[in-house]
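Counting with the UniProt record's numbering, you get residues 1 to 296 for the letters of the sequence shown.
We put the CB at the ideal spot given by N, CA and C, even for glycine.
Data first, discussion second: the structure below is written as structure tokens.
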Amino acid sequence: MNFKNVTVAGSGVLGYQIAFQTAFHGFKVSVYDINDDVLNHAKAKFSELSACYKRDINATQEQLDNTFNNLSYHSNLAEAVQDADLVIEAVPEDVAIKTEFYKQLSQVAPAKTVFATNTSTLLPSQFRDLTGRPEKFLALHFANIIWVNNMAEIMGHEQTDKHVFDDLVQFAKAIGMVALPIYKEQPGHLLNSMLVPFLISALDLWIKEVSEPETIDKAWMKSFGSPKGPFAILDIIGINTVYNVAKLNADTNPLMVPLMQKLEVEFINPGHLGMPSGKGFYNYPNPAYESANFLK
Ligand code: NAD
1 MNFKNVTVAG SGVLGYQIAF QTAFHGFKVS VYDINDDVLN HAKAKFSELS
51 ACYKRDINAT QEQLDNTFNN LSYHSNLAEA VQDADLVIEA VPEDVAIKTE
101 FYKQLSQVAP AKTVFATNTS TLLPSQFRDL TGRPEKFLAL HFANIIWVNN
151 MAEIMGHEQT DKHVFDDLVQ FAKAIGMVAL PIYKEQPGHL LNSMLVPFLI
201 SALDLWIKEV SEPETIDKAW MKSFGSPKGP FAILDIIGIN TVYNVAKLNA
251 DTNPLMVPLM QKLEVEFINP GHLGMPSGKG FYNYPNPAYE SANFLK
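Written out as structure tokens, the structure reads:
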């Protein structure tokens, strides 16, 4: 793995975390976004991230100074990728935006550059023909709060070169991730392939009033020693996202219609959007499931 220069395209929720984590591990990182205002916002968020890295993984000031020295900012794509060994794409989860991005990127990136997409729900094969280098294109999927939830799923498509795939596994490890290779294209990768049906099963129990969210969570937590049950996880994902996913699947899954109605009345309308808003299935900070008495 000879990667030195990495470009992260998109500096939103995940992109700025990927950029910072990569720079923290010694790579030169060009942060690319659509304009300088967005980039300035990302710079401000990097300062907040520094405090998190100190608190959560005992990062030293010297490590953080080096991280900032490794970061540069660009709103011109050709400039951002001119010497990139790897471009990690974290632009919005929108087929039209990603399509346009890969069309532009393929025109300006050097032939050597490997492209990796952080998409959560789309497949690399949807975009490979736009990249001009299908053998150097694959998915590298991170989890939110990357410095703590440090895993990366690596998934190619049928034409991805085996050496490129192996390089990405090495790269993921080099930036402090637990690397999770996936050998067949799979919507949802590993984690979401398991998580989504699990969460839908829990929501089904709630909608049918089989039991209450806290009781359903307790069944899971007590049996497996798990720190969180499905409703705590739904709060972390955010009720807005849960609602949007339900809406997307309403045509194919009949459960989604009553789910949307219940979420609207009990959560969306009163503004209870999960952990980010301070209230969802639980109240934050200090949700009940973290209390010592919850499972007694
Ligand atoms: P986001 O909306 O927070 O950020 C997207 C960023 O891309 C914004 O800064 C936006 O200005 C920028 N952008 C828009 N158009 C662009 C373009 N043409 N070129 C470059 N930048 C552009 O989105 P996000 O949540 O960070 O998600 C980004 C990707 O990461 C998606 O594919 C998503 O599925 C994936 N992902 C998200 C999460 C999550 O928890 N949010 C987790 C894993 C993977």
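The straight-line gap separating the alpha-carbon atoms of Asn286 and Leu14 is approximately 25 Å. In this structure, Val38 sits away from Val8, with a CB-CB distance that is not shorter than 7 Å. Distances taken from the Cβ of Ile88 to the heavy atoms of the ligand NAD include none shorter than 6 Å.
For Leu191, the enclosing alpha helix (DSSP H) covers residues Leu191 to Ile207. Proximity to Phe137 across Ala232, Ile145, Val81 and Thr117 peaks at Thr117, based on C-alpha coordinates. The straight-line gap separating the alpha-carbon atoms of Val257 and Pro197 is approximately 17 Å.
Comparing C-alpha distances from Lys184 to each of Ser226, Ser277, Gln17 and Leu123 shows the shortest one belongs to Leu123. For Leu64, the uninterrupted alpha helix (DSSP H) run begins and ends at Gln61 to Asn69, by DSSP. Under DSSP, Tyr32 takes part in a beta bridge, and its partners are Ala9 and His74. The Cβ neighbour count for Asn70, taken over all protein chains shown within 10 Å, is at least 16; the residue is labelled buried. Cβ atoms of Ala232 and Tyr289 come within 8 Å of each other, at about 5 Å. For Met275, the CB contacts under 6 Å within the same chain, skipping 5 residues up- and downstream, are Asp235, Ile236 and Tyr284 in chain order. Look at the beta carbons and you see the segment 72 to 92 touching the segment 16 to 33: at least three pairs across the two are nearer than 8 Å.
Secondary structure at Ala179: strand, using DSSP grouped into helix, strand and coil. The bridge partners DSSP lists for Asn283 are Lys279. DSSP, read as helix, strand or coil, puts Ala246 in helix. Distance from the C-beta of Thr119 to the nearest heavy atom of the ligand NAD is below 6 Å.
For the options Pro213, Gly225 and Ala219, the alpha carbon positioned closest to that of Tyr282 is the one of Pro213.
In terms of CA proximity to Ser106, Arg128 leads the group Arg128, Ser11, Phe68 and His189.
In terms of side-chain proximity, the C-beta atom of Pro92 is found nearer than 6 Å to a non-hydrogen atom of the ligand NAD.
In the DSSP assignment, Ala292 is bridged to no other residue. Here DSSP, grouped into helix, strand and coil, assigns Phe3 to coil. In the three-state scheme derived from DSSP, where H, G and I count as helix and E and B as strand, Glu93 is classed as coil.
With respect to Ala84, Asn5 sits close: the two C-beta atoms are nearer than 7 Å. The DSSP-derived three-state label of Val210 is coil. The Cβ neighbour count for Phe27, taken over all protein chains shown within 10 Å, is at least 16; the residue is labelled buried. Within its own chain, the residues whose Cβ lies closer than 6 Å to the Cβ of Thr22, once the five positions on either side in sequence are excluded, are Val6, Val29 and Ile175, listed in chain order. Residues Trp220 of the same chain have their beta carbon placed closer than 7 Å to that of Ser226, with the five preceding and five following residues left out of the count. Lys98 has its alpha-carbon roughly 13 Å from the corresponding atom of Ser120. For Gly188, the distance from the CB to the nearest heavy atom of the ligand NAD is not below 6 Å.
In the three-state reduction of the DSSP assignment, Val81 falls in the coil class. The shortest CA-to-CA distance from Lys173 to any of Pro187, Thr160 and Ile154 is the one to Ile154.
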